[in-house]
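Residue numbers (the numbering used here): 16 to 186.
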């Protein structure tokens with residue numbers, strides 16, 4: 016509805032015009048707030064409890080375990096840091112080739128693809144800020160993926176064929 020107000024407009028027309036304008040401004044403010052709240056909630060880092068650990072060459076790594084599809088899809092997105100003795104273990108119900116990407120992941124990571132604890136492939140992944148992001152894929156069928164801070168695989172001397180044994184974390 017278009018309303019034009021002329022200097023000779025009646026007070027009722029002016030009130031009607033002001034009412035329409037104030038409703039439009041209020042609607043714009045509400046939409047702006049909703050967009051900001053939605054963006055903020057989707058950009059929050061997921062932090063899961065430490066429920067597993069792995070001992071590698073005299074060092075214990077505390078692991079958050081991503082078991083559900085939602086946890087696995089969020090992974091370490093939006094994290095600004097990951098302590099050198101921390102990581103995330105992704106568990107899958109099936110054994111198949113898997114692909115990971117670094118969209119919205121702000122820190123570089125080492126990605127270790129495993130089948131029942133045996134290291135099948137290792138990749139070093141860098142943050143991706145613009146689509147399309149590269150995929151880091153396993154050539155072999157795997158059912159576990161371990162993400163560690165970049166450089167940790169080399170520091171610990173992890174190699175293809177190594178067997179990693181994951182334990183329940185002490186509570």
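All C-beta atoms, glycine included, are put in the ideal place defined by N, C-alpha and C.
No experiment lies behind these values; they were computed from the predicted model shown.
Assigned exposure category for residue i - 16 Cβ within 10 Å defines buried
| i | result |
| --- | --- |
| residue 98 | exposed |
| residue 160 | buried |
| residue 108 | exposed |
| residue 90 | buried |
| residue 153 | buried |
Alpha carbon of residue i to alpha carbon of residue j, nearest angstrom
| i | j | result |
| --- | --- | --- |
| residue 156 | residue 126 | 15 Å |
| residue 25 | residue 95 | 59 Å |
| residue 72 | residue 137 | 17 Å |
| residue 59 | residue 31 | 43 Å |
| residue 175 | residue 134 | 5 Å |
| residue 130 | residue 145 | 31 Å |
| residue 51 | residue 81 | Below a pLDDT of 50, predicted positions are generally treated as unreliable, and residue 51, at 46, falls in that range; no measurement from the model is reported. |
| residue 120 | residue 110 | 25 Å |
| residue 105 | residue 87 | 6 Å |
| residue 75 | residue 170 | 13 Å |
| residue 84 | residue 173 | 27 Å |
| residue 162 | residue 114 | 13 Å |
| residue 112 | residue 70 | 25 Å |
7 Å CB neighbourhood of residue i in its chain, flanking five on each side removed
| i | result |
| --- | --- |
| residue 77 | 65, 68, 100, 101, 184 |
Own chain, CB closer than 8 Å to residue i, minus 5 neighbours either side, in chain order
| i | result |
| --- | --- |
| residue 132 | 159, 178, 179, 180, 181 |
| residue 117 | 124, 140, 141, 142, 143, 148, 149, 151 |
| residue 164 | 97, 98, 99, 101, 102, 122, 123, 124, 125 |
| residue 168 | 125, 127, 137, 139 |
Start and end residues, beta strand (DSSP E) containing residue i
| i | result |
| --- | --- |
| residue 96 | No beta strand (DSSP E) holds residue 96; DSSP gives it neither H nor E. |
| residue 164 | 157-164 |
| residue 146 | Per DSSP, residue 146 belongs to no beta strand (DSSP E) and is neither H nor E. |
Continuous alpha helix (DSSP H) stretch holding residue i: start and end
| i | result |
| --- | --- |
| residue 5 | Nothing about residue 5 can be reported from this structure: the residues present for the chain run from 16 to 186 only. |
| residue 167 | 167-171 |
Close Cβ partners of residue i (< 6 Å) along its chain, the five nearest in sequence each way excluded
| i | result |
| --- | --- |
| residue 63 | 79 |
| residue 92 | 119, 120 |
| residue 166 | none |
| residue 6 | With the chain running from 16 to 186 in the structure shown, residue 6 is simply not present. |
**Message:** Quick check for students: name the residue ranges of the beta strand (DSSP E) that lie wholly in the segment 58-88, counting only runs of 3 or more.
**Reply:** List check, beta strand (DSSP E) in window: 65-71, 74-81.
**Asked** In the segment 109-143, which residue ranges form an unbroken beta strand (DSSP E) of at least 3 residues, counting only runs that do not cross its ends?
**Response** Within the segment 109-143, the complete beta strand (DSSP E) runs of at least 3 residues are 114-116, 124-130, 133-140.
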